[in-house]
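Before any comments, here is the structure.
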Ligand SMILES: Nc1ncnc2c1ncn2[C@@H]1O[C@H](COP(=O)(O)OP(=O)(O)O)[C@@H](O)[C@H]1O
Ligand SMILES: [Mg+2]
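Residue numbers (the working numbering): 1383 to 1622.
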């Protein structure tokens, strides 16, 4: 089986400072893939490389069999890869509806938009109730739901989420993850970046652990929860 997203041997550097080294990762269609690691490990850099926002020095990124390594960022979205960056930037003074419709700019077909709005509401039902409110009136958790939902509005085949649980109250995180799972169950492949390793591994099918720019472990997400390295480095379990 060909992976929907296939990253092979990727190197990324900033002014000669290496952020990623020989990183390989595959995402099979319809799965949730977690990419976990400490602050500075290179997680955001990998998403930015896939999105075309930073250039890889070495390696290949394939999407649905096509080499997209040098495809510019504005074309990556149109090909079907959406990127929800860190810090849930929403347009504060715009309504929830307008924020969502802005996410659909690459495909203005009315029927597609309507279907995507319905899919977004089934992942995050609260957004339907908040539709005519300004985004600034939403709670932090709701703004994160809106940011993720906006990412789905272009109808992506791969949705990349950069630290969706960062800064949220722990009690809100299950709602965010329930929505992410609903999005995946509806057929979108999710590449989930997190420092919140426990939540990410619970939600994902497969997972990659990044340390100082290298993949040090990968495999079935549930199996990695029990891995001694993961337990010691990220879950606070076991001897130091
Ligand atoms: N724009 C940038 N310019 C220079 N160095 C950067 C830039 N972005 C990230 N880095 C460095 O690259 C490394 C990986 O960062 P990043 O991909 O943001 O990691 P993570 O998302 O896992 O926290 C870090 O050492 C970081 O300081
Ligand atoms: Mg980051």
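Ideal placement from N, C-alpha and C gives every residue a C-beta, glycine not left out.
Bear in mind that the values here come from a model prediction, so they are computed numbers and not experimental data.
Could you give the distance in angstroms between the alpha-carbon of residue i and the alpha-carbon of residue j?
i: residue 1522; j: residue 1458; result: 28 Å
i: residue 1452; j: residue 1400; result: 19 Å
i: residue 1622; j: residue 1483; result: Confidence in residue 1622 is poor, its pLDDT being 49 and thus under 50, which makes the residue's placement too unreliable to answer from.
i: residue 1477; j: residue 1435; result: 28 Å
i: residue 1623; j: residue 1420; result: Within the shown structure, residues of the chain are numbered from 1383 to 1622, placing residue 1623 beyond reach of any answer.
i: residue 1566; j: residue 1414; result: 7 Å
i: residue 1502; j: residue 1524; result: 13 Å
i: residue 1542; j: residue 1444; result: 15 Å
i: residue 1615; j: residue 1549; result: 20 Å
i: residue 1384; j: residue 1551; result: 38 Å
i: residue 1574; j: residue 1545; result: 7 Å
i: residue 1386; j: residue 1475; result: 36 Å
i: residue 1539; j: residue 1494; result: 14 Å
i: residue 1509; j: residue 1407; result: 33 Å
i: residue 1412; j: residue 1564; result: 11 Å
i: residue 1517; j: residue 1454; result: 30 Å
i: residue 1512; j: residue 1468; result: 22 Å
i: residue 1558; j: residue 1507; result: 11 Å
i: residue 1395; j: residue 1514; result: 43 Å
i: residue 1578; j: residue 1617; result: 9 Å
For ligand 1, is there a heavy atom less than 7 Å away from the beta-carbon of residue i?
i: residue 1431; result: no
i: residue 1590; result: no
i: residue 1426; result: yes
i: residue 1441; result: no
i: residue 1582; result: no
i: residue 1578; result: no
i: residue 1549; result: no
i: residue 1602; result: no
i: residue 1434; result: no
i: residue 1399; result: yes
i: residue 1423; result: yes
i: residue 1559; result: no
Can you determine whether any heavy atom of ligand 2 sits closer than 7 Å to the C-beta of residue i, and answer yes or no?
i: residue 1480; result: no
i: residue 1605; result: no
Could you have a look at residue i and say whether DSSP puts it in helix, strand or coil?
i: residue 1527; result: helix
i: residue 1566; result: helix
i: residue 1468; result: coil
i: residue 1573; result: strand
i: residue 1412; result: coil
i: residue 1584; result: helix
i: residue 1491; result: coil
i: residue 1622; result: Any answer about residue 1622 is weak, because its pLDDT of 49 lies below 50 and its placement is not dependable; what the coordinates show is given next. Coil, per DSSP.
i: residue 1516; result: strand
i: residue 1539; result: coil
i: residue 1547; result: coil
i: residue 1474; result: coil
Between residue i and residue j, which are expected to be in contact by the criterion C-beta below 8 Å, what is the C-beta distance as a whole number of angstroms?
i: residue 1606; j: residue 1589; result: 5 Å
i: residue 1595; j: residue 1402; result: 5 Å
i: residue 1440; j: residue 1393; result: 4 Å
i: residue 1562; j: residue 1418; result: Wrong, their Cβ atoms sit about 14 Å apart, outside the cutoff.
i: residue 1481; j: residue 1488; result: Rounded, the Cβ-Cβ distance is 15 Å, inconsistent with contact.
Counting along the chain, where does the alpha helix (DSSP H) carrying residue i start and finish?
i: residue 1432; result: 1425–1432
i: residue 1481; result: 1478–1484
i: residue 1452; result: Residue 1452 -> no alpha helix (DSSP H), and no H or E assigned at all.
i: residue 1609; result: Residue 1609 -> no alpha helix (DSSP H), and no H or E assigned at all.
i: residue 1509; result: 1508–1511
Which residues bound the beta strand (DSSP E) around residue i?
i: residue 1387; result: 1387–1396
i: residue 1445; result: 1440–1445
i: residue 1628; result: Within the shown structure, residues of the chain are numbered from 1383 to 1622, placing residue 1628 beyond reach of any answer.
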